[in-house]
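Below is one structure, written out as structure tokens; comments come after it.
In this note's numbering, the protein residues as written are 5 to 299.
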């Protein structure tokens with residue numbers, strides 16, 4: 005493909021906008037790392053008898069020479085029932101016309117929406133879940149999702165008023181983690197809290213003014229792992245937990261805070277006013293993940 009004004013190129017480029025994504029239930033994935041993760045998820049899904057994820061891949065010859073595993077993943081998936089999307093060789097001008105970034109990295113995939121219903125996550129009996137409430141910045145949402153993936157969380161939930169997870173900027177900031185764990189979209193915090201509480205999952209709110217201190221909860225959890233007679237803490241971090249994280253500027257609302265069993269503050273020892281969303285999510289999720297693995 006060499007014509008950046010071709011209709012197919014324009015159709016792909018339209019996926020940078022939410023109306024086209026919503027109508028077609030497709031989104032863009034850019035860059036070798038993210039496309040590799042999409043293709044691996046696509047292959048794994050087909051192996052499990054699921055629906056395909058990747059519909060089309062557009063790549064330059066130079067990119068395929070530099071990352072031969074992309075073509076190998078495509079070839080392996082194409083041999084399975086349901087098959088893989090088509091690989092099309094495209095010029096740099098075509099890729100630039102398709103991409104949301106100023107300097108595309110030589111490969112773009114068109115993928116199908118991959119979010120799952122809340123009921124599916126609850127039924128899987130998760131132990132660690134992150135919920136983003138009214139998170140607006142694509143980079144923050146992507147960073148929090150990537151942190152959840154790294155901490156071994158079982159799912160991430162985005163409230164209806166949060167940023168679109170299929171926004172190209174959000175997808176890029178997850179660096180492929182979007183394809184590693186279930187993502188639930190458009191759920192109100194009250195609905196999620198009710199569903200998980202019925203399933204025996206505790207709910208913690210990350211709140212800078214919280215009465216509980218995350219360090220204290222971690223110390224108590226570690227002590228219990230060595231001494232079974234240690235008195236129970238206010239909240240056992242090793243228990244199945246849904247963490248609530250709020251808006252970047254406003255934090256969690258009063259209504260959202262009231263959904264939690266406890267409000268937990270991450271202690272700040274230096275002069276910083278607070279932690280940003282991505283950092284706070286990372287610290288909280290890793291605290292739970294370590295306690296769960298230690299237990």
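Glycine included, C-beta positions come from ideal geometry on N, C-alpha and C.
Residue 66 has its alpha-carbon roughly 43 Å from the corresponding atom of residue 131.
Measuring C-alpha to C-alpha distances from residue 186 to each of 135, 18, 114 and 262 identifies 135 as the nearest. Within the segment 190-267, the complete beta strand (DSSP E) segments at least 3 residues long are 206-210 and 245-249, listed from N- to C-terminus. Residue 34 sits in a strand when the DSSP states are folded into three classes. For residue 26, the closest alpha carbon among the candidates 168, 106, 129 and 248 is that of 168.
Contact between residue 138 and residue 165 holds, with the beta-carbon distance rounding to 5 Å and staying under 8 Å. Residue 96: member of the alpha helix (DSSP H) spanning 96-102, first to last residue.
Between the beta-carbon of residue 116 and that of residue 22 there is about 16 Å, and that puts the pair past the 8 Å contact cut. In the assembly as shown, residue 76 is an exposed residue. Its beta-carbon has fewer than 16 other beta-carbons within 10 Å. Our two residues, residue 191 and residue 162, have alpha carbons roughly 7 Å apart in a direct line.
At the C-beta level, residue 153 and residue 184 come within 8 Å of one another. With contacts defined by Cβ atoms closer than 8 Å, residue 105 and residue 34 form a contacting pair. When secondary structure is reduced to three states using DSSP, residue 66 falls in the helix class.
In the DSSP assignment, residue 126 falls within the unbroken alpha helix (DSSP H) covering 122-127.
Setting aside the 5 residues that flank it on each side, residue 49 is surrounded in the same chain by 55, 56 and 57, each with a C-beta closer than 8 Å to its C-beta; the list follows chain order.
Bounds of the beta strand (DSSP E) holding residue 134 are 132-136. Separation of residue 199 and residue 126 (C-alpha to C-alpha, rounded to the nearest whole angstrom) is 7 Å.
About 7 Å separates the Cβ atoms of residue 94 and residue 63, confirming a contact at the 8 Å cut-off. With a beta-carbon spacing of about 6 Å, residue 282 and residue 151 fall inside the 8 Å limit used to define contacts.
For residue 173, the enclosing alpha helix (DSSP H) stretches over residues 172-178.
In summary, residue 260 is buried, with 16 or more beta-carbon neighbours lying within 10 Å of its beta-carbon over all protein chains present.
Restricting attention to 17, 31, 211 and 221, the CA atom closest to the CA of residue 239 is found in 221.
In this structure, DSSP gives residue 119 a state outside helix and strand, which the three-state scheme calls coil. In this structure, the alpha-carbon of residue 9 lies about 21 Å from that of residue 172. Within a 10 Å sphere around the beta-carbon of residue 70 sit fewer than 16 other beta-carbons, which makes this residue exposed. Taken through DSSP and simplified to helix, strand or coil, residue 61 comes out as strand.
Excluding residues up to 5 positions away in sequence, 244 lie with their Cβ nearer than 8 Å to the Cβ of residue 204 in the same chain. Looking at the DSSP output, residue 269 sits in a beta bridge with 217. Annotation for residue 175: 31, 32, 33, 34, 38, 146, 169 and 182 place their beta carbon closer than 8 Å to its own, counting only its chain and skipping 5 residues before and after. Taking all protein chains shown into account, residue 61 has 16 or more neighbouring C-beta atoms within 10 Å of its C-beta and is therefore buried. Here the C-alpha atom of residue 227 lies approximately 11 Å from the C-alpha atom of residue 298.
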